[in-house]
Amino acid sequence: AAGIVLVAGMAIIAQAGLFDGLMKKGPAETAKAAGVVETADAVKIPLATLESGKALFLVQESGGRQVHYFALKSSDGLYRAAFDACDVCFRTNRGYRQEANHMVCNNCGLAFPSAKIGEVKGGCNPAPLARKLEGQYLVIGKGDIEAGKDYFVRKRS
Numbered sequence: 022a023a024g025i026v027l028v029a030g031m032a033i034i035a036q037a038g039l040f041d042g043l044m045k046k047g048p049a050e051t052a053k054a055a056g057v058v059e060t061a062d063a064v065k066i067p068l069a070t071l072e073s074g075k076a077l078f079l080v081q082e083s084g085g086r087q088v089h090y091f092a093l094k095s096s097d098g099l100y101r102a103a104f105d106a107c108d109v110c111f112r113t114n115r116g117y118r119q120e121a122n123h124m125v126c127n128n129c130g131l132a133f134p135s136a137k138i139g140e141v142k143g144g145c146n147p148a149p150l151a152r153k154l155e156g157q158y159l160v161i162g163k164g165d166i167e168a169g170k171d172y173f174v175r176k177r178s
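Heads up: the sequence shown runs through residues 22 to 178, numbered per the numbering used here.
Encoded structure:
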C-alpha cells in the first residue's frame, strides 16, 4: 500500500510540473528531437515540427555566447522567428514563454500576439530574426543568428 501511495504521489508531483526543470531537454536534445538540420551556414527547421503552433526554442553558440531564439507557426498560419530577447529587457536574459497564441516576456510580463512576431519591432517585442521558407523547412541563416549575439551578454541560469 505504501508503494502505491508513493507512486500516486510521484504522479501528482509530476503532473503538477514540479519536476519540469529536471525533465526538460537541453537545446541540443530539443533540436535533434525536432529534426532540426544544421548546415555550415544555416539552421533548417522542419515545418512539420512547427505545425502545432508551439514555439521551438533553440540556441546557437557565437563568440563564447549562447544566442537564444525561437521559431513558430503563428496564429495567422505564417512561420516566424525571433531572438529570445528584446531591446528593453535583454540584460536580464530571461527571454519569453509561450501562452496560447502569445509570447510573454519573462521579465516584464508583456504579451505579444504570435501573428506580430517579426513585424512589430522595438520596445519589449521579441527582436525579429530573418527567416525564409525552402521546401519543407524554415531556414535561418547562422550569420543572422550571430548578428543578435549582443542581446546575450551573459549566460542563462
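The beta-carbon is built from N, C-alpha and C at its ideal position, and this holds for glycine as well. Source: prediction; values computed, not measured.
Among the residues of its own chain, which have a CB less than 8 angstroms from the CB of residue 43, if the five just before and after it don't count? Caution applies to residue 43, whose pLDDT of 40 falls short of 50 and renders its modelled position unreliable; the value that the coordinates give is listed next. Nothing listed; no residue qualifies.
If you follow the beta strand (DSSP E) that residue 137 is in, where does it begin and where does it stop? It is not in any beta strand (DSSP E) - residue 137 carries neither H nor E in the DSSP assignment.
Per DSSP, residue 162 forms a beta bridge with which residues? 63
According to DSSP, is residue 198 part of a helix, a strand, or is it coil? In the structure displayed, the chain extends from 22 to 178; residue 198 sits before or after that span and is not available.
For residue 169, count neighbouring Cβ atoms within 10 angstroms of its own Cβ and tell me buried if that reaches 16, exposed if not. buried
With DSSP as the reference, label residue 131 as helix, strand or coil. coil
In the structure shown, what three-state DSSP assignment does residue 43 receive? Reliability of the predicted coordinates at residue 43 is poor, the pLDDT of 40 falling under 50, and the value obtained from them is presented with this limitation in mind. DSSP places residue 43 in helix when its eight states are reduced to three.
Is it true that the CB of residue 63 sits closer than 8 angstroms to the CB of residue 163? yes
Shortest alpha-carbon distance to residue 104 belongs to which of 97, 113, 112 and 92? 92
Cβ of residue 79 within 8 angstroms of Cβ of residue 71? no
Taking all protein chains shown into account, decide if residue 95 is buried (16 or more other Cβ within 10 angstroms of its Cβ) or exposed. buried
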